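Just so we're aligned, residue 336 is where the sequence shown starts under this note's numbering, counting upward by one.
We put the beta carbon where it would ideally sit given N, CA and C, even for glycine.
Note that the structure is predicted; figures quoted are calculated from it, not measured.
For reference, the structure discussed in these notes is given below.
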Amino acid sequence: MQLNKYKWALRLQLLHLFLCIVWNAIGVYQINNGIQPIGPTASLTAILILNVLVVTLVALIKRHFEKSYIALSTLPALAAVMTIAGAFTQAPTMWPAEVWRWSGVMVNLIGVLGFIIALATWFKPTENSWPD
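Rendered as structure tokens:
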């Protein structure tokens, strides 16, 4: 079953997306209360998109659409890479404290790691892939 094959990759990807949802929800709450958000961006739209990604990734794996799962996995992975890069290129004042900048990097490294494991799993040869 595909779900077992991609178990660790999907777990990390879902953890990453969940943490991003929480991060954005906290940021939206802080903005609504006039407090600087914990990161440079916070959006209800992002929360909606992240939830759609969660449902779609799980559905693609359960339906054995391996190529579509890998293709869709590139979106949160690219966003994570851009966010990590932003942590080192944007002004430190975009975060209320240095700990939040590094927390964001750690959250997004989880997503990158999940994608790397998904790719490695996809390219991993199976028992029947080599001729005898």
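Residue i by DSSP, collapsed to three states: which one?
| i | result |
| --- | --- |
| A426 | coil |
| S408 | helix |
| F400 | coil |
| G374 | coil |
| M336 | Confidence at M336 is low in this model, with a pLDDT of 49, below 50, so its placement is unreliable and the value that follows should be read with caution. Coil. |
| D467 | Because D467 sits at a pLDDT of 48, beneath the cut-off of 50, its placement in the model cannot be relied upon, and the following sentence gives the value as read from the coordinates. If DSSP states are grouped into helix, strand and coil, D467 belongs with coil. |
Select from the options the residue whose C-alpha is nearest the C-alpha of residue i.
| i | options | result |
| --- | --- | --- |
| T391 | K459, W437, Q348 and I452 | Q348 |
| T295 | Y404, P411 and E433 | The structure shown does not extend to residue 295, since the chain is modelled only from 336 to 467, so the question has no answer here. |
| L345 | L410, M417, Q371 and V393 | V393 |
| A406 | K459, L352 and A453 | A453 |
| F450 | R436, W435 and A415 | A415 |
The alpha helix (DSSP H) with residue i in it runs from where to where?
| i | result |
| --- | --- |
| N368 | Neither: N368 is in no alpha helix (DSSP H) and is coded neither H nor E. |
| A455 | E433 to F458 |
How about residue i: is its Cβ closer than 7 Å to a heavy atom in the ligand MG?
| i | result |
| --- | --- |
| T391 | Absent from the structure shown: the ligand MG. Ligands present: none. |
Mind the definition here: the region 357-367 touches the region 403-420 only if three or more C-beta pairs lie below 8 Å; say whether that holds. In this structure the region 357-367 does not lie against the region 403-420, because fewer than three pairs of beta carbons, one per stretch, are closer than 8 Å.
Taking contact to mean 3 or more Cβ pairs, one atom from each stretch, closer than 8 Å, check whether the region 427-441 and the region 371-378 are in contact. By the Cβ rule, the region 427-441 counts as touching the region 371-378, because three or more pairs are nearer than 8 Å.
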